[in-house]
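Notes follow the structure.
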Amino acid sequence: MTFGTRGFLAGISMIAMLGAGTIGVRANDSLLKAQSDSNQWAVAGHDYANTRFSPLNQINAENAGKLSLAYSFSLASLRSNESSPIVIGNTLYVSTSWGPKYVYALDAATGARKWTYEPEIPDDVLQYACCDVNNRGVSYADGKIFVGRLDGKLTALDAATGKALWTAKVVDYKQGSVITSPPLVVRDKVITGFGGGEYGVRGALQAFDINTGKLAWQTFTVPTPEEPGGDTWKGDSAQHGGGAAWLVGSYDPKTDTVYWGTSNPGPWNTAVRSTGNGDFGKLTNLYTASTLALDPNTGKIKWHIQTTPADAWDYDGVNEAVLADLNIGGSNVPALMKADRNGFFFVANRETGRVLSAEKYVFSNWAQKFDLATMRAVEDPDKRPGPGHPAKDICPNLIGGKNWQPMSFNPQTGLVYIPSNNVCMDWSVSDVAYKRGVFYLGAEFPTKEGPGGFLGELVAWDPVNQKKVWSIKEDLPFNGGTLTTGGGLVFAGNIHGDFRAIDAKSGKMLWSKNLGSGIGAGPVTYMVDGKQYVAIVVGRTAALPAFLGEVGKKMTAAAPEGGSLFVFSVQ
Ligand SMILES: O=C(O)c1cc(C(=O)O)c2c(n1)C(=O)C(=O)c1cc(C(=O)O)[nH]c1-2
11 MTFGTRGFLA GISMIAMLGA GTIGVRANDS LLKAQSDSNQ WAVAGHDYAN TRFSPLNQIN
71 AENAGKLSLA YSFSLASLRS NESSPIVIGN TLYVSTSWGP KYVYALDAAT GARKWTYEPE
131 IPDDVLQYAC CDVNNRGVSY ADGKIFVGRL DGKLTALDAA TGKALWTAKV VDYKQGSVIT
191 SPPLVVRDKV ITGFGGGEYG VRGALQAFDI NTGKLAWQTF TVPTPEEPGG DTWKGDSAQH
251 GGGAAWLVGS YDPKTDTVYW GTSNPGPWNT AVRSTGNGDF GKLTNLYTAS TLALDPNTGK
311 IKWHIQTTPA DAWDYDGVNE AVLADLNIGG SNVPALMKAD RNGFFFVANR ETGRVLSAEK
371 YVFSNWAQKF DLATMRAVED PDKRPGPGHP AKDICPNLIG GKNWQPMSFN PQTGLVYIPS
431 NNVCMDWSVS DVAYKRGVFY LGAEFPTKEG PGGFLGELVA WDPVNQKKVW SIKEDLPFNG
491 GTLTTGGGLV FAGNIHGDFR AIDAKSGKML WSKNLGSGIG AGPVTYMVDG KQYVAIVVGR
551 TAALPAFLGE VGKKMTAAAP EGGSLFVFSV Q
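Every position in the sequence shown, counted from 1, becomes a number in this note's numbering once 10 is added.
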């Protein structure tokens with residue numbers, strides 16, 4: 011059995027290391043150093059590239075059946091617990107869904123508490139969080155921990171003591187903008203987005219000085235009428251146009267580029283912001299439902315890919331961009347991979363913004379295919395709802411082929427592990443007027459079960475050949491994010507609370523344990539004093555089932571709410 015990972019030099023680690031000086035652009039030295047130590051889990055997505063791949067291999071396909079509990083820790087916070095812990099040295103930092111205890115620092119080997127961060131978060135944040143109160147984790151750099159808060163603030167804490175060092179106001183949460191995802195630290199800047207795609211906010215990304223919390227730049231994801239892209243909106247609809255950057259960003263130190271996705275346009279009724287009849291011409295509502303590449307120094311947008319133009323289905327483009335160098339047709343391609351909510355798996359050249367391939371990774375019928383020449387989906391006009399023409403049996407439904415639950419990429423198997431959904435819907439639009447801080451939708455969207463007798467599927471996807479290699483079907487949607495390791499494993503939970511170790515090559519289930527509440531979060535792994543641990547936060551989605559009718563009722567019946575961290579090892 012091998013314990014070390016020193017020889018590991020797969021493409022992903024190299025992405026983190028490339029920034030260490032050789033190419034000329036420094037990222038954040040402390041964070042790069044933390045990422046290059048494979049015993050740690052330094053970023054919510056493991057690394058700047060969001061791979062969720064750890065080369066650790068002490069726990070592997072031979073001994074996974076012997077996994078047992080090392081410790082558990084109550085987060086003392088119910089509702090949707092979605093946090094990916096990070097581990098720096100021997101300290102594990104984990105956030106909760108909404109407090110009152112918001113962030114804990116624990117001894118990563120024993121679970122003993124080091125400090126707790128308890129800010130005053132007003133109770134009314136619940137009414138401004140479209141999809142429940144939650145937090146997907148914290149970020150680290152320069153001896154500080156950064157947390158984006160439900161009340162629209164960003165706080166820096168002393169990583170050693172938990173003492174608050176500065177707090178910056180990012181956004182007024184009362185417009186319907188909570189912060190639910192960790193920020194991205196690049197050099198001296200802490201970059202964050204905020205939510206509100208369902209409340210008609212105008213989305214933005216903002217960078218704050220790492221030492222003072224002072225605003226360094228702000229980039230709106232939806233232009234004014236005078237700016238480039240401003241003519242892609244009907245009238246002055248862009249001012250409530252959504253495009254919220256509510257999920258996580260990625261970063262490539264080699265080209266010094268940040269990648270971030272944007273949410274659906276507001277409102278859901280396309281007639282307000284486009285032509286509403288399918289022949290939307292130029293009215294595509296830039297830069298919503300898109301992937302943006304930005305300069306971290308200035309926030310300037312370098313390029314964009316709009317995967318769902320004039321979105322009519324709530325197909326946010328926020329899902330995480332996973333960066334890896336792929337061998338495509340004999341060439342080493344700097345790729346960006348995204349399992350889009352709209353059901354297409356996109357592989358793009360992350361330096362040029364050109365889509366190289368896009369195939370359906372779930373059953374999807376709103377578009378026949380994605381045309382690489384026009385960089386646009388070829389839609390089925392019957393599936394585009396608008397005034398006077400409701401649409402039926404559209405797949406995927408609004409939670410998407412994949413939602414926020416993170417996928418992972420294993421450079422050893424070459425596969426991506428996607429927690430996918432198989433749910434469809436009907437859709438009809440209705441009149442809607444903007445009112446600050448309330449839902450700005452204008453649509454009905456009854457849920458239907460997807461074909462095939464299953465509603466969720468863990469899909470192992472070959473991104474080069476764009477095809478499914480193996481899968482595990484689930485009776486319900488909205489299952490947990492994935493972790494993959496150098497031990498040849500995939501770890502993932504489901505909404506029943508079953509936490510599994512799976513053979514990364516074959517899909518064979520090697521170990522399963524029910525943890526008492528549904529799992530949405532992505533697991534993480536780390537090593538302390540020569541022992542590898544796997545950590546998972548449990549606590550099923552609390553409010554999302556309300557969007558999903560009978561399917562939602564089954565989801566709430568599957569497991570009670572919860573809020574705990576479980577940590578496993580092989581004894
Ligand atoms: O447009 C937005 O601002 C926004 C924010 C969030 C969020 O911050 O959690 C979600 C969504 N949209 C969304 O569309 C969605 O399906 C969703 C699911 C969840 C969750 O925590 O389970 N959040 C969100």
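Heads up, the beta-carbon is just placed ideally off N, CA and C, and yes, glycines get one too.
Quiz prompt | Exposed unless 16 or more other CB atoms sit within 10 angstroms - verdict on Leu79 | solution = The residue you call residue 79 lines up with position 69 of the sequence shown. Exposed, by the Cβ-count rule.
Quiz item: According to DSSP, what are the bridge partners of Leu493?
Solution: Taking the first residue of the sequence shown as 1, we reach residue 493 at position 483. Note: Leu493 sits in a beta bridge opposite Phe501.
Quiz item: On the premise that Lys111 lies in contact with Thr126, defined as a C-beta separation below 8 Å, what is that separation, rounded to the nearest angstrom?
Solution: For the purposes of this step, residue 126 is taken as the residue at position 116 of the sequence shown. For the purposes of this step, residue 111 is taken as the residue at position 101 of the sequence shown. At roughly 5 Å, the Cβ-Cβ gap stays under 8 Å, so Thr126 and Lys111 are in contact.
Quiz item: If we count Cβ pairs, one from each stretch, closer than 8 Å, do we get three or more for the segment 168-178 versus the segment 408-427?
Solution: no
Exercise. Give the secondary structure of Ala368 by DSSP, where H, G and I count as helix, E and B as strand, and everything else as coil.
Key: Residue 368 sits at position 358 when you count from the first residue of the sequence shown. If DSSP states are grouped into helix, strand and coil, Ala368 belongs with the strands.
Quiz item: Do we get a CB-CB distance below 8 Å when we pair Trp313 with the residues of chain B?
Solution: Within the model displayed, chain B is absent; a lone protein chain is all it includes.
Quiz item: In whole angstroms, what is the alpha-carbon distance linking Phe63 and Gly396?
Solution: Here residue 63 refers to the residue found at position 53 of the sequence shown. Here residue 396 refers to the residue found at position 386 of the sequence shown. If you take the alpha carbons of Phe63 and Gly396, they lie about 42 Å apart.
Quiz item: Can you tell me whether Thr492 is buried or exposed, with buried defined as 16 or more other CB within 10 angstroms of its CB?
Solution: Residue numbering aside, residue 492 sits at position 482 when the sequence shown is read from its first letter. Classification of Thr492: buried, given that the 10 Å Cβ count is 16 or more.
Quiz prompt | C-alpha gap between Trp270 and Ala331, whole angstroms | solution = Here residue 270 refers to the residue found at position 260 of the sequence shown. Here residue 331 refers to the residue found at position 321 of the sequence shown. Their Cα atoms are separated by approximately 7 Å.
Quiz prompt | Rounded Cβ spacing between Gly162 and Ser191 (contact assumed at less than 8 Å) | solution = As a working mapping, residue 162 is identified with position 152 in the sequence shown. As a working mapping, residue 191 is identified with position 181 in the sequence shown. Between Ser191 and Gly162 the Cβ distance is about 13 Å, and since that is not below 8 Å, they are no contact.
Quiz item: If you run the structure through DSSP and keep just helix, strand and coil, what is Asp241?
Solution: For the purposes of this step, residue 241 is taken as residue 231 along the sequence shown, with counting starting at 1. The answer is helix: DSSP assigns Asp241 an H, G or I state.
Exercise. Verify the contact flag: Asn295, CB atom, against every heavy atom of ligand 1, threshold strictly below 7 Å.
Key: Position 285 of the sequence shown holds residue 295. Result no, Cβ not under 7 Å from ligand 1.
Quiz item: Which two residues bound the contiguous alpha helix (DSSP H) that contains Tyr444?
Solution: Translated into positions along the sequence shown, residue 444 becomes position 434. Run containing Tyr444: none; DSSP gives neither H nor E here.
Practice problem: Quickly, what does DSSP pair Trp313 with across the bridge? List them, please. | Solution: Position 303 of the sequence shown, counted from the first residue, corresponds to residue 313. Paired residue(s): Ala303.
Self-check item: Where Leu225 falls, given that 16 or more other Cβ within 10 Å makes a residue buried
Solution: The sequence position of residue 225 within the sequence shown is 215, counting from 1. Leu225 comes out exposed.
Quiz prompt | Ala320 and Leu293 closer than 8 Å at C-beta | solution = For the purposes of this step, residue 320 is taken as residue 310 along the sequence shown, with counting starting at 1. For the purposes of this step, residue 293 is taken as residue 283 along the sequence shown, with counting starting at 1. Yes, they are a contact pair.
Practice problem: Please indicate yes or no: does the CB of Asn431 lie closer than 7 Å to some heavy atom of ligand 1? | Solution: Indexing the sequence shown from 1 puts residue 431 at position 421. No; taking the cut-off as 7 Å, the Cβ of Asn431 has no heavy atom of ligand 1 nearer than that.
Self-check item: Residues near Lys458 by beta carbon distance below 8 Å, same chain, minus five either side
Solution: Looking up residue 458 in the sequence shown gives position 448. Closer than 8 Å at the Cβ level, and outside the excluded window around Lys458, lie Asp403, Asn407, Val433, Cys434, Met435 and Asp436.
Quiz item: Who are the near neighbours of Pro304 in its chain, counting only those whose CB is closer than 6 Å to its CB and skipping five residues on each side?
Solution: Position 294 of the sequence shown, counted from the start, is the residue given in the question as residue 304. According to the sequence provided, residue 304 is Leu. The question's Pro does not apply to it. Once the five neighbours on either side are set aside, the close Cβ partners of Leu304 are Val268 and Ile311.
Quiz item: Going by the beta-carbon positions, is the gap between Met565 and Ile482 smaller than 8 Å?
Solution: The sequence position of residue 565 within the sequence shown is 555, counting from 1. The sequence position of residue 482 within the sequence shown is 472, counting from 1. No, Cβ-Cβ distance for Met565 and Ile482 is not below 8 Å.
Quiz item: Distance, Cα to Cα, Phe156 vs Asn287?
Solution: For this step, residue 156 is matched to residue 146 along the sequence shown. For this step, residue 287 is matched to residue 277 along the sequence shown. Each residue's alpha carbon lies about 44 Å from the other.
Quiz item: The alpha helix (DSSP H) spanning Ser40 covers which residue range?
Solution: Within the sequence shown, the letter at position 30 stands for residue 40. Start and end: Asp39 to Ser46.
Self-check item: Sufficient close CB pairs (3 or more, under 8 Å) joining the segment 79-90 to the segment 343-360
Solution: no
Exercise. Inspect the beta-carbon positions of Ser40 and Asp152 and report whether they are closer than 8 Å.
Key: Counting from 1 along the sequence shown, the entry for residue 40 is found at position 30. Counting from 1 along the sequence shown, the entry for residue 152 is found at position 142. Yes. Within cutoff.
Exercise. Pull up the distance between the alpha-carbon of Val469 and that of Val372, whole angstroms please.
Key: Taking the sequence shown and counting its residues from 1, the one referred to as residue 469 is at position 459. Taking the sequence shown and counting its residues from 1, the one referred to as residue 372 is at position 362. Computed Cα separation, rounded: 9 Å.
Self-check item: Nearest candidate by alpha-carbon position, reference Lys518, set Val97, Asn524, Leu499 and Gly251
Solution: For the purposes of this step, residue 518 is taken as residue 508 along the sequence shown, with counting starting at 1. Comparing Cα positions, the closest option is Leu499.
Quiz item: How would you label Ala52, buried or exposed, when you count the other beta carbons within 10 angstroms and need 16 or more for buried?
Solution: Here residue 52 refers to the residue found at position 42 when the sequence shown is read from its first residue. Label assigned to Ala52: buried.
Exercise. Answer yes or no: the CB of Ile561 versus the heavy atoms of ligand 1, is any distance below 7 Å?
Key: Translated into positions along the sequence shown, residue 561 becomes position 551. The residue asked about is misnamed: residue 561 is Val in this sequence, not Ile. Incorrect: Val561 has no Cβ contact closer than 7 Å to ligand 1.
Quiz prompt | Proximity of Gly582 and Ile529 at Cβ, strictly below 8 Å | solution = One cannot answer for residue 582 here, as it falls past the ends of the chain, which runs 11 to 581.
Self-check item: Proximity below 8 Å, CB of Ala531 to CB of Ser93
Solution: Start at 1 with the first residue of the sequence shown, and residue 531 comes out as number 521. Start at 1 with the first residue of the sequence shown, and residue 93 comes out as number 83. Their beta carbons are under 8 Å apart, which means Ala531 touches Ser93 by this criterion.
Quiz prompt | For Arg283, the nearest candidate out of Lys264, Ala322, Thr272 and Gln316 (CA to CA) | solution = Here the question's residue 283 lines up with position 273 in the sequence shown. Arg283 has its Cα closest to that of Ala322, out of Lys264, Ala322, Thr272 and Gln316.
Quiz item: Around the C-beta of Leu382, are 16 or more other C-beta atoms found within 10 angstroms, so that it is buried, or is it exposed?
Solution: Residue mapping note: residue 382 aligns to position 372 of the sequence shown, counting from 1. Label assigned to Leu382: exposed.
Exercise. Report buried or exposed for Ile33, applying the criterion of at least 16 other Cβ atoms within 10 angstroms of its Cβ.
Key: Here residue 33 is taken as the residue at index 23 of the sequence shown, counted from 1. For Ile33, the pLDDT reaches just 39, beneath the cut-off of 50, and the residue's location in the model is therefore unreliable, leaving the point undetermined.
Quiz item: On the three-state DSSP scale, how would you describe Glu560?
Solution: In the sequence shown, residue 560 corresponds to position 550, counting from 1. DSSP places Glu560 in helix when its eight states are reduced to three.
Quiz item: Should Thr423 be counted as a contact of ligand 1 given a C-beta to heavy atom distance under 7 Å?
Solution: Residue 423 sits at position 413 when you count from the first residue of the sequence shown. Flag unset: Cβ of Thr423 not near ligand 1.
Quiz item: How long is the line joining the alpha carbons of Gln581 and Tyr543, rounded to whole angstroms?
Solution: What you label residue 581 is simply residue 571 of the sequence shown in a count that begins at 1. What you label residue 543 is simply residue 533 of the sequence shown in a count that begins at 1. Straight-line Cα distance between these residues: approximately 10 Å.
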